[in-house]
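**Student:** In UniProt numbering, the protein residues as written are 1 to 447. For every residue, glycine included, the Cβ atom is placed at its ideal position computed from N, Cα and C.
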Amino acid sequence: MLAYSSPHCNLKTNSIKTKMTLLFLFTLLALSSPLPSIFAAHTAGLHLRLTHVDSGQPFSSTGRIHRLVQRSLHRRKVLESRLANNPSASFNVPVKASMFDYFIEYSIGTPKLPVTGVLDTGSEVVWAKCRPCSEQCDEKGIGIYDPSKSSTFSKLPCSSPLYDYQPLKSVSVPKCEYVYVYGSAMINGFLATETFSLGAASPMVNLTFGCNRLVKGTFSGASGVVGLGQGKLSLVSQLNLGRFSYCLTPFKSSSKSHLLLGDLASAKKASSSEVQSTPFLNATDQYYVAMRGISIGGNLLPIPASVFEYSKEDSTGVLVDSGTGQTQLPQSAFDVIKKELQSLVGLRVKDMSKTVGLDLCFGLSSWPPPPLPDMVFHFDNGADMRMPQMNYMFTDKRTRAYCLVMRPGQNGDKLTIIGNYQQQNMHIIYDVASRMLLFESTPCESF
């Protein structure tokens with residue numbers, strides 16, 4: 001169910017003083033609540049379209065994969081900073097590099113202003129660029145929200161406890177401002193409530209969001225970010241969504257992908273054997289899962305399970321992420337996969353780091369490239385994420401590229417991130433209420 005409504009209270013008292021006290025307390029509660037006061041939508045949920053950041057752009061296949069690699073590198077720094085609880089850390093990553101792959105269209109305010117927001121399962125906040133906006137954030141071709149032109153805008157008071165929310169840093173109490181850091185990029189603004197409209201749903205009234213007038217970094221040319229993490233300011237928490245899901249079309253497809261919110265985010269396969277499920281780890285509010293091993297062609301690779309173990313102190317474990325393009329693995333795991341693929345392909349390794357940007361490529365003298373068996377990620381609860389060749393290898397006939405779309409962590413990093421290239425043609429379901437990740441193979445172009 002997507003519906004949320006505030007409880008109605010019947011207060012009877014003969015004391016005028018008591019009435020005034022209660023009225024004052026309820027007013028403060030309404031102003032500081034992280035949940036919208038009214039949200040009515042179709043009980044079946046919402047089905048929205050996701051647009052890839054490179055959709056409609058004149059990039060070649062190798063150009064697109066190179067951009068994916070650069071976004072993935074930036075994205076990893078963002079996640080590592082957040083997981084290490086060190087949002088002020090400085091990283092040697094170009095600010096101009098975008099860090100997100102998919103965005104949705106929606107509207108803000110009354111009257112409605114059409115905007116775009118990047119989808120981020122690793123973020124705890126919903127925010128928008130606001131006027132007056134700094135020169136850097138006032139990008140052309142996108143909607144910049146102007147709170148002075150909306151009749152439903154309301155700024156939260158400085159006393160709101162939401163300003164004490166841990167991810168919001170460097171709060172300036174007199175001005176009620178916050179800073180939220182994305183690796184080498186950052187946003188600066190204040191908290192407010194506003195009416196948001198998604199798809200065919202009735203407007204969401206009093207959704208708490210960040211109104212940012214300073215934005216450093218490139219956010220895929222979008223108007224803001226729609227956080228689908230588990231923090232109290234995310235869309236998932238504010239709307240009390242029991243689950244959400246997405247289905248990503250193939251990398252070379254021109255079709256849009258899909259985002260489902262609420263009851264629509266359910267498995268499509270009739271047979272339970274076709275739907276895999278594994279629990280999210282309880283020790284974190286990020287989407288961590290327990291991975292036990294990796295197979296290629298039925299051969300379980302000699303990678304110790306300890307390589308994938310979760311540790312909050314060391315920022316290690318296995319994270320499922322919608323915003324990272326290529327899967328990233330600890331160096332030791334990557335080396336084993338690399339060795340196995342070299343044995344299976346039987347071709348010389350070719351350095352294509354400047355044109356493609358990937359770490360393992362093979363030189364092809366003829367076309368098509370040799371076929372490879374499925375790769376399987378093994379998770380807790382007996383769940384197997386089976387990936388055909390197209391989900392882990394990049395092929396390009398013009399440049400004769402045949403490359404693994406995975407990379408090792410840098411400087412001994414041991415965090416594993418399952419990227420969206422590996423999630424092509426899969427319906428990925430985040431059952432937040434039951435704390436389970438479900439997935440099923442399906443052709444997302446006809447989803």
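Going by CA-CA distance only, name the one from Gly357, Val118 and Thr355 that's closest to Gly221.
**Tutor:** To locate residue 221, count along the sequence shown from 1; it is residue 221. Residue Val118 is the option with its Cα nearest to Gly221.
**Student:** Expressed to the nearest angstrom, what Euclidean distance is found between the alpha-carbon atoms of Leu415 and Gln424?
**Tutor:** Taking the sequence shown and counting its residues from 1, the one referred to as residue 415 is at position 415. Taking the sequence shown and counting its residues from 1, the one referred to as residue 424 is at position 424. Computed Cα separation, rounded: 21 Å.
**Student:** For Glu445 and Glu340, I'd like the C-alpha separation in whole angstroms.
**Tutor:** Translated into the one-based positions of the sequence shown, residue 445 becomes position 445. Translated into the one-based positions of the sequence shown, residue 340 becomes position 340. Glu445 and Glu340: Cα-Cα distance of roughly 32 Å.
**Student:** When you compare the CB of Tyr178 with every CB in chain C, is at least one pair closer than 8 Å?
**Tutor:** The chain inventory of the structure shown lacks chain C, comprising one protein chain alone.
**Student:** Which partner residues does Gln328 have in the DSSP bridge list?
**Tutor:** Counted from its first residue, the sequence shown places residue 328 at position 328. BP columns for Gln328 point to Arg407 and Ile417.
**Student:** Which residue spans inside the region 318-374 form an unbroken beta strand (DSSP E) run of at least 3?
**Tutor:** Counting whole runs of 3 or more residues, the region 318-374 contains the beta strand (DSSP E) stretches 327-329.
**Student:** If you measure between the beta carbons of Gly382 and Ile65, is that distance less than 8 Å?
**Tutor:** Counting from 1 along the sequence shown, the entry for residue 382 is found at position 382. Counting from 1 along the sequence shown, the entry for residue 65 is found at position 65. No, Cβ-Cβ distance for Gly382 and Ile65 is not below 8 Å.
**Student:** How about Ser384 and Gln286: are their beta carbons less than 8 Å apart?
**Tutor:** Residue numbering aside, residue 384 sits at position 384 when the sequence shown is read from its first letter. Residue numbering aside, residue 286 sits at position 286 when the sequence shown is read from its first letter. Residue 384 is actually Asp in this sequence, not Ser. Cβ atoms of Asp384 and Gln286: not closer than 8 Å.
**Student:** Looking only at C-alpha atoms, which of Pro330, Leu319 and Gln230 sits nearest to Val125?
**Tutor:** Taking the first residue of the sequence shown as position 1, residue 125 is located at position 125. For the residues Pro330, Leu319 and Gln230, the minimum Cα distance to Val125 belongs to Gln230.
**Student:** Return helix, strand or coil for Leu281, following the three-state DSSP convention.
**Tutor:** Residue numbering aside, residue 281 sits at position 281 when the sequence shown is read from its first letter. Reduced to three states, the DSSP call for Leu281 is coil.
**Student:** Out of Thr152, Lys256 and Leu301, state which residue places its alpha-carbon closest to the alpha-carbon of Asp101.
**Tutor:** Along the sequence shown, one-based indexing puts residue 101 at 101. Ranking Thr152, Lys256 and Leu301 by Cα distance to Asp101 puts Lys256 first.
**Student:** Go ahead and pull the three-state DSSP assignment for Thr62.
**Tutor:** As a working mapping, residue 62 is identified with position 62 in the sequence shown. Of the three classes helix, strand and coil, the one that applies to Thr62 here is helix, per DSSP.
**Student:** Can you check whether the CB of Tyr163 is closer than 8 Å to the CB of Cys176?
**Tutor:** Locating residue 176 in the sequence shown gives position 176, counting from the first residue. Locating residue 163 in the sequence shown gives position 163, counting from the first residue. Cβ distance < 8 Å, so Cys176 and Tyr163 count as in contact.
**Student:** Distance, Cα to Cα, Leu438 vs Pro132?
**Tutor:** Within the sequence shown, the letter at position 438 stands for residue 438. Within the sequence shown, the letter at position 132 stands for residue 132. Straight-line Cα distance between these residues: approximately 43 Å.
**Student:** How long is the line joining the alpha carbons of Met352 and Gln70, rounded to whole angstroms?
**Tutor:** Counting from one through the sequence shown, the residue named residue 352 turns up at place 352. Counting from one through the sequence shown, the residue named residue 70 turns up at place 70. Straight-line Cα distance between these residues: approximately 14 Å.
**Student:** Taking 7 Å as the limit between beta carbons, can you name the residues of its chain near Lys397, skipping five residues before and five after?
**Tutor:** Stepping through the sequence shown from its first residue, residue 397 is reached at position 397. These residues qualify, in order along the chain: Trp367.
**Student:** Check whether the region 178-197 touches the region 251-265, taking contact to mean three or more Cβ pairs, one atom from each stretch, closer than 8 Å.
**Tutor:** No, because fewer than three Cβ pairs between the region 178-197 and the region 251-265 fall closer than 8 Å, the two stretches do not touch.
**Student:** Starting from the Cα of Arg400, find the closest Cα among Leu364, Ser61, Phe377 and Ser315 and give me that residue.
**Tutor:** As a first step, residue 400 is located in the sequence shown; it is residue number 400 there, counting from the start. Nearest of Leu364, Ser61, Phe377 and Ser315 to Arg400, Cα basis: Leu364.
**Student:** Given this structure, state the Cα-to-Cα distance separating Arg49 from Ile144, to the nearest angstrom.
**Tutor:** Taking the first residue of the sequence shown as position 1, residue 49 is located at position 49. Taking the first residue of the sequence shown as position 1, residue 144 is located at position 144. The straight-line gap from Cα to Cα measures roughly 21 Å.
**Student:** Can you tell me whether Leu22 is helix, strand or coil according to DSSP?
**Tutor:** On the sequence shown, residue 22 is found 22 positions in, with the first residue counted as 1. Unreliable positioning characterises Leu22 in this predicted model, as indicated by a pLDDT of 37, which lies under 50. The coordinate reading is nonetheless provided below. Of the three classes helix, strand and coil, the one that applies to Leu22 here is helix, per DSSP.
**Student:** Please list, in chain order, all residues of the same chain as Leu281 whose beta carbon is under 8 Å from its beta carbon, the five residues on each side excluded.
**Tutor:** As a first step, residue 281 is located in the sequence shown; it is residue number 281 there, counting from the start. Within the same chain, Leu281 has close Cβ partners Tyr288, Val289, Ala290, Tyr310 and Gly317.
**Student:** Using the Cα positions of Thr442 and Met426, report the straight-line distance between them to the nearest angstrom.
**Tutor:** Locating residue 442 in the sequence shown gives position 442, counting from the first residue. Locating residue 426 in the sequence shown gives position 426, counting from the first residue. If I take the Cα positions, the gap works out to 5 Å.
**Student:** For Arg348, which residues in the same chain have their Cβ closer than 8 Å to its Cβ, ignoring the five residues on either side in sequence?
**Tutor:** Indexing the sequence shown from 1 puts residue 348 at position 348. Answer for Arg348: Phe362 and Gly363, listed in chain order.
**Student:** Taking the alpha helix (DSSP H) that Val226 falls in, what are its first and last residues?
**Tutor:** One-based indexing of the sequence shown puts residue 226 at position 226. From DSSP, Val226 is part of no alpha helix (DSSP H) but of the beta strand (DSSP E) over Gly224 to Gly227.
**Student:** Using only CA atoms, which one of Pro370, Ser315 and Asn420 lies nearest to Asp321?
**Tutor:** The sequence position of residue 321 within the sequence shown is 321, counting from 1. If we check each option's Cα against that of Asp321, Asn420 comes out closest.
**Student:** Return the first residue and the last residue of the beta strand (DSSP E) that Ser148 is part of.
**Tutor:** For the purposes of this step, residue 148 is identified with residue 148 of the sequence shown, where counting begins at 1. Per DSSP, Ser148 belongs to no beta strand (DSSP E) and is neither H nor E.
**Student:** Could you tell me which residues DSSP pairs with Ala290 in its beta bridges?
**Tutor:** Along the sequence shown, one-based indexing puts residue 290 at 290. Ala290 pairs with nothing; no bridge assigned.
**Student:** Mind checking which residues open and close the beta strand (DSSP E) that includes Leu46?
**Tutor:** Within the sequence shown, residue 46 is the residue found at index 46, counting from 1. Counting along the chain, the beta strand (DSSP E) containing Leu46 begins and ends at Leu46 to His52.
**Student:** On the three-state DSSP scale, how would you describe Cys444?
**Tutor:** Your numbering for residue 444 matches position 444 in the sequence shown. Cys444: helix per DSSP, three-state reduction.
**Student:** Expressed to the nearest angstrom, what Euclidean distance is found between the alpha-carbon atoms of Pro157 and Met436?
**Tutor:** To locate residue 157, count along the sequence shown from 1; it is residue 157. To locate residue 436, count along the sequence shown from 1; it is residue 436. So the alpha carbons of these two residues sit roughly 37 Å apart.
**Student:** Is the Cβ-Cβ distance between Val225 and Ser123 less than 8 Å?
**Tutor:** The residue you call residue 225 lines up with position 225 of the sequence shown. The residue you call residue 123 lines up with position 123 of the sequence shown. In this structure, Ser123 lies closer than 8 Å to Val225 by Cβ.
**Student:** Cβ atoms of Ala128 and Ser223: under 8 Å apart, would you say?
**Tutor:** Within the sequence shown, residue 223 is the residue found at index 223, counting from 1. Within the sequence shown, residue 128 is the residue found at index 128, counting from 1. Yes, the pair counts as a contact, with Cβ atoms nearer than the cut-off.
**Student:** Answer with buried or exposed for Gly45, where buried requires no fewer than 16 other C-beta atoms within 10 angstroms of its C-beta.
**Tutor:** Position 45 of the sequence shown, counted from the first residue, corresponds to residue 45. Buried is the call here.
**Student:** Could you tell me the distance, in whole angstroms, from the CA atom of Pro408 to the CA atom of Phe196?
**Tutor:** Locating residue 408 in the sequence shown gives position 408, counting from the first residue. Locating residue 196 in the sequence shown gives position 196, counting from the first residue. Near 40 Å, if we compare the C-alpha coordinates of Phe196 and Pro408.
**Student:** Could you please give the first and the last residue of the uninterrupted beta strand (DSSP E) stretch that includes Val205?
**Tutor:** By 1-based counting over the sequence shown, the position of residue 205 is 205. Residues Met204 to Lys216.
**Student:** Can you check which of these residues, Pro114, Cys211 and Leu300, is closest to Leu198 by C-alpha distance?
**Tutor:** For the purposes of this step, residue 198 is identified with residue 198 of the sequence shown, where counting begins at 1. When each option's Cα is compared against that of Leu198, the closest is Pro114.
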